[in-house]
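Read through the structure below, which is laid out as structure tokens, and then see the notes.
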Amino acid sequence: MAVTLAAFEGVLSSGFINYDDNLYVTDNVHVREGLDGRSVAWALTATDCANWHPLTWLSHLLDVRLFGLDAGKHHRTSLLLHAANAALLFLLLSRMTGALWRPAFAACLFAIHPLHVESVAWIAERKDVLSTLFWLLTLAAWLSYLESRTVVRQVLVLGLYAFALMAKPMPVTLPFTLLLLDVWPLCRMTLPVRWSSGPLAGLLREKAPLFALSAASCVVTFVAQRGGGAVKTLLDFTFVERLANGVVAYASYLGKAVWPATLAILYPYRHLGLLTWEVAGSALLLAGVTAMALRLASRAPYLAVGWLWYLGTLVPVIGLVQVGGQAMADRYTYVPFVGLFVAIAWGLGELARGSRLSRGAAACAALAAVLPLGLVTRTQVGYWADAVALYEHALAVTSDNWLVHNNLGLVLFKRGRTMEAIAHYEEALRIWPDYAEAHFNLGIALGKEGRRLEAIEEYEQALRKRPDLADAHYNLGNELLDAGRPAEAIRHYGDALRLKPDDGEARNNLGNALARLGRLEEAVEQYREALRLSPGLAKAHVNLGLAFLRLGRIPEAIGRFQEALRIQPDFEEARADLRLAQERARQRP
Numbered sequence: 006m007a008v009t010l011a012a013f014e015g016v017l018s019s020g021f022i023n024y025d026d027n028l029y030v031t032d033n034v035h036v037r038e039g040l041d042g043r044s045v046a047w048a049l050t051a052t053d054c055a056n057w058h059p060l061t062w063l064s065h066l067l068d069v070r071l072f073g074l075d076a077g078k079h080h081r082t083s084l085l086l087h088a089a090n091a092a093l094l095f096l097l098l099s100r101m102t103g104a105l106w107r108p109a110f111a112a113c114l115f116a117i118h119p120l121h122v123e124s125v126a127w128i129a130e131r132k133d134v135l136s137t138l139f140w141l142l143t144l145a146a147w148l149s150y151l152e153s154r155t156v157v158r159q160v161l162v163l164g165l166y167a168f169a170l171m172a173k174p175m176p177v178t179l180p181f182t183l184l185l186l187d188v189w190p191l192c193r194m195t196l197p198v199r200w201s202s203g204p205l206a207g208l209l210r211e212k213a214p215l216f217a218l219s220a221a222s223c224v225v226t227f228v229a230q231r232g233g234g235a236v237k238t239l240l241d242f243t244f245v246e247r248l249a250n251g252v253v254a255y256a257s258y259l260g261k262a263v264w265p266a267t268l269a270i271l272y273p274y275r276h277l278g279l280l281t282w283e284v285a286g287s288a289l290l291l292a293g294v295t296a297m298a299l300r301l302a303s304r305a306p307y308l309a310v311g312w313l314w315y316l317g318t319l320v321p322v323i324g325l326v327q328v329g330g331q332a333m334a335d336r337y338t339y340v341p342f343v344g345l346f347v348a349i350a351w352g353l354g355e356l357a358r359g360s361r362l363s364r365g366a367a368a369c370a371a372l373a374a375v376l377p378l379g380l381v382t383r384t385q386v387g388y389w390a391d392a393v394a395l396y397e398h399a400l401a402v403t404s405d406n407w408l409v410h411n412n413l414g415l416v417l418f419k420r421g422r423t424m425e426a427i428a429h430y431e432e433a434l435r436i437w438p439d440y441a442e443a444h445f446n447l448g449i450a451l452g453k454e455g456r457r458l459e460a461i462e463e464y465e466q467a468l469r470k471r472p473d474l475a476d477a478h479y480n481l482g483n484e485l486l487d488a489g490r491p492a493e494a495i496r497h498y499g500d501a502l503r504l505k506p507d508d509g510e511a512r513n514n515l516g517n518a519l520a521r522l523g524r525l526e527e528a529v530e531q532y533r534e535a536l537r538l539s540p541g542l543a544k545a546h547v548n549l550g551l552a553f554l555r556l557g558r559i560p561e562a563i564g565r566f567q568e569a570l571r572i573q574p575d576f577e578e579a580r581a582d583l584r585l586a587q588e589r590a591r592q593r594p
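Under this note's numbering, the letters of the sequence shown match residues 6 to 594, in that order.
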């Protein structure tokens, strides 16, 4: 654990980022409520972020309840979970093999490898470290169950596995990894497997409840992700492109395992064909390693088991069912690399024993491998300390990264660096002209710069691509109203409210547009509805008061201005309007 904390201690001073952390914590109204009965009920049923992972939601709710929005303490939780995973991995490998130093080396690689920074340093990826904790606890319970097959121990196995799946669906491959462990180190069957053999049938039968849970999780996950719009169609990415990308991703992960350079928060999808040197070379590499591992299975079963663990546990995220727009992701290697680290640790151990290296020399060799990884990890953690640094690093090591350009623009805009933000939005749109969110964000930035006509054009472009963007309708309505086009503004406010009926601000501004056209009674109706939705919206009280004033309902106008000042005592416009209404009241006969 000390090694883990030394490599990752920089995360404790990192903040939240605007890529999914906002969806999971900072802008999530349910999570910000903290842990209570209502939020627990939401967590158990929600499919927000296109996933059903109630245990992950509960962990975020608990953090908010304990620490508020102190990002450092949220990071501390993820770091402690990662350290616990490394310790558990060591204990489990040692328990299954009876060895000490090889499990320690494998666990150390797991603890400090730079590709695991994303899972630990990204608060939104709490689900990685949490689901892996329950994956490893399930394995520990399974080993106990094999020693004594009681109902209590079986229920414990199933309960822990259910928790793992409720944190993230990645553990759907766990039953298959148990079959690999049956080959080595548990030695309950041998390779090559004979499908008609008695041992295999029995080993499959004993795991049937786990396979059933895995299948159920696959169904729930697919429904949640399809309902959330995360699953891409064959029109977005053809099957050939998915297959090509998957082959290249497998090989790329291997390269980054050995040489963890050019790591990024997002790797853009490339539309590869099968008949390219990159795909062919990757396929030959994978086929060669697979053939070698299987050929050596009788003498070195750990190589075959480790390699098949790597290949198998990556299947859910390799892109055959494409979710999102990334080609690959560092976080996807969190569990799959366990297989590689085991193969490396035992392989080097056997080499050291065969060459009769002293224990001290072997330890020095292991240290020489671990120290550089730790230094790279500390450097990578440093990028996560600041969103601008994180995104700029990603842009430096990838190309045509439209999403990162957009996200960097958002951060820069929030920090008042509007012109730089505009440049990044424009670059995102150069790469992907149909990127509706970038058109929307560019519209906001142009509006702030007073470039109203250009802002209107960007909002219209965004809505041509995504007519369901309620905020784009709302912002376009605002720009049109300010441009003296209230009739057009009314249409877009109406569309915004059709998509978000509970938006008090949109109701208020719709009232303003109606009032601009002299439709005061309709405006009053919208202001009243705005105040029903948002009773503390002081400007809606003022606008309703102004409508009453124009209708000659002066006492009601005075009441609204007074209410606005009660809510916001420094509201000078409300104070001036109140004086005007009181003056008119005095002038009335």
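Idealized CB from N, CA, C, for every residue including glycine.
Cutting at 6 Å between CB atoms, please list the residues of its own chain near residue i, excluding the five before and the five after it.
{"i": "Ala590", "result": "Ile559"}
{"i": "His276", "result": "Glu246"}
{"i": "Glu4", "result": "Because the chain spans 6 through 594 in this model, residue 4 falls outside it and cannot be assessed."}
{"i": "Ala477", "result": "Phe445, Tyr464, Ala467 and Leu468"}
{"i": "Tyr24", "result": "Asn412"}
{"i": "Leu94", "result": "Ala112 and Phe115"}
{"i": "His79", "result": "Asp68 and Ile128"}
Just checking my contact of residue i with residue j at CB under 8 Å: how many whole Å lie between their CB atoms?
{"i": "Ala332", "j": "Ala390", "result": "Wrong, their Cβ atoms sit about 26 Å apart, outside the cutoff."}
{"i": "Leu120", "j": "Ala89", "result": "No, Leu120 and Ala89 are not in contact; Cβ-Cβ is about 19 Å, not under 8 Å."}
{"i": "Ala441", "j": "Lys419", "result": "Not a contact, Cβ separation roughly 20 Å."}
{"i": "Arg100", "j": "Leu17", "result": "That pair is no contact at about 31 Å."}
{"i": "Ala586", "j": "Ala552", "result": "With 8 Å as the limit, Ala586 and Ala552 do not qualify as a contact, their Cβ atoms being about 12 Å apart."}
{"i": "Leu63", "j": "Ala48", "result": "5 Å"}
{"i": "Leu308", "j": "Gly352", "result": "6 Å"}
{"i": "Ile427", "j": "Ala450", "result": "5 Å"}
Which first and last residues belong to the alpha helix (DSSP H) in which residue i is found?
{"i": "Ala332", "result": "Looking at the DSSP string, Ala332 is not in any alpha helix (DSSP H); the run it does join, the beta strand (DSSP E), is Gln331 to Met333."}
{"i": "Val294", "result": "Trp282 to Arg300"}
{"i": "Ala266", "result": "Per DSSP, Ala266 belongs to no alpha helix (DSSP H) and is neither H nor E."}
{"i": "Val157", "result": "Val156 to Ala172"}
{"i": "Arg193", "result": "Element bounds for Arg193: n/a, residue is neither H nor E."}
{"i": "Pro108", "result": "Trp106 to Ile117"}
{"i": "Gln592", "result": "Glu577 to Gln592"}
{"i": "Phe566", "result": "Ile559 to Ile572"}
{"i": "Asp68", "result": "Pro59 to Phe72"}
{"i": "Thr528", "result": "Per the sequence shown, the amino acid found at residue 528 is Ala instead of Thr. Ala528 -> alpha helix (DSSP H) spans Leu525 to Leu538."}
{"i": "Tyr430", "result": "Thr423 to Ile436"}
{"i": "Phe242", "result": "Taken as a continuous stretch (DSSP letters only), Phe242 belongs to no alpha helix (DSSP H), as it is neither H nor E."}
{"i": "Ile449", "result": "Ala441 to Lys453"}
{"i": "Pro306", "result": "Pro306 to Thr318"}
{"i": "Asp75", "result": "Premise fails: Asp75 is in no alpha helix (DSSP H) and is neither H nor E."}
{"i": "Ser124", "result": "Val122 to Ala126"}
{"i": "Trp389", "result": "Run containing Trp389: none; DSSP gives neither H nor E here."}
Give me whichever residues DSSP pairs with residue i in a beta bridge.
{"i": "Tyr29", "result": "BP columns for Tyr29 are empty, so no partner."}
{"i": "Tyr272", "result": "Met333"}
Pull up the distance between the alpha-carbon of residue i and that of residue j, whole angstroms please.
{"i": "Val125", "j": "Ala581", "result": "54 Å"}
{"i": "Asn514", "j": "Phe576", "result": "18 Å"}
{"i": "Gly489", "j": "Asn33", "result": "35 Å"}
{"i": "Gly20", "j": "Glu534", "result": "38 Å"}
{"i": "Arg37", "j": "Val225", "result": "26 Å"}
{"i": "Asp26", "j": "Tyr396", "result": "15 Å"}
{"i": "Gly286", "j": "Cys223", "result": "32 Å"}
{"i": "Asp75", "j": "Leu84", "result": "15 Å"}
{"i": "Leu400", "j": "Ala392", "result": "12 Å"}
{"i": "Val340", "j": "Lys261", "result": "15 Å"}
{"i": "Leu215", "j": "Phe168", "result": "12 Å"}
{"i": "Gly251", "j": "Gly324", "result": "6 Å"}
{"i": "Ala571", "j": "Arg521", "result": "According to the sequence displayed, residue 571 carries Arg and not Ala. In a straight line, the C-alpha of Arg571 is about 27 Å away from that of Arg521."}
{"i": "Ala288", "j": "Ala256", "result": "8 Å"}
{"i": "Leu434", "j": "Arg336", "result": "27 Å"}
{"i": "Arg537", "j": "Ile270", "result": "42 Å"}
{"i": "Glu432", "j": "Leu161", "result": "52 Å"}
Cutting at 8 Å between CB atoms, please list the residues of its own chain near residue i, excluding the five before and the five after it.
{"i": "Gln573", "result": "Ala543 and Ala579"}
{"i": "Pro321", "result": "Pro174, Met175, Val177 and Thr178"}
{"i": "Thr281", "result": "Ala249"}
{"i": "Leu5", "result": "The chain is shown only over 6 to 594; residue 5 falls outside these bounds and no answer can be derived."}
What residues in its chain sit with their C-beta under 7 Å from that of residue i, if we drop five residues either side in the sequence?
{"i": "Ala357", "result": "Ala367"}
{"i": "Met194", "result": "Asp187, Val188, Pro204, Leu205 and Leu208"}
{"i": "Leu185", "result": "Val310, Leu313 and Trp314"}
{"i": "Gln385", "result": "Pro119, Val122 and Leu268"}
Would the C-beta of residue i count as close to the ligand GTP, meaning under 7 Å from any of its heavy atoms?
{"i": "Val393", "result": "You won't find the ligand GTP in this model; it holds no ligand whatsoever."}
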